[in-house]
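Working notes for the structure below.
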Amino acid sequence: MGHPDQTTEKRDATHHVVLKRGHRGRYRFTIMTEDATVSGHVQVDPAVTDRQQADQLVRRRILELTGFLALWADGGEGVTAGPVPEAVSERT
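So the sequence shown is residues 744 to 835, counted in the numbering used here.
This is the structure we're talking about:
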């Protein structure tokens with residue numbers, strides 16, 4: 744069984760996400776596929792004390808980061824990270 748501050752999601756046999764809640768609003772994450780791994784951390788305001796709200800903010804920040812990475816990898820020149828599109832943010 745995992746640590747109580749760690750979330751593991753297995754989307755299918757080849758995709759795996761680990762999100763670990765840290766101290767002072769810092770969350771570490773790892774996204775794994777068969778042949779690649781991306782790890783990092785995101786920060787939320789430590790004043791956000793509601794765990795569910797903080798987890799939702801973290802997931803949204805990871806979504807923004809992975810969206811930016813996907814655009815960059817697709818050759819988007821001059822791409823900058825912006826707010827999550829409304830259609831996407833409604834699903835998070």
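Beta carbons: idealized from backbone N, C-alpha and C, even for Gly.
Return the first residue and the last residue of the alpha helix (DSSP H) that Arg804 is part of.
794-816
Collapsed DSSP secondary structure at Val787 in the structure displayed
coil
Which residues in the same chain as Pro789 place their Cβ atom closer than 8 Å to its Cβ, once the five residues preceding and following it in sequence are excluded?
Arg767, Gly768
Under 9 Å between the Cβ atoms of Phe772 and Val761?
yes
Flag this pair as yes or no: are the beta carbons of Thr809 and Val781 separated by less than 9 Å?
yes
Report the three-state DSSP secondary structure of His759 (helix, strand or coil).
strand
Nearest candidate by alpha-carbon position, reference His784, set Thr776, Ala816, Arg804
Arg804
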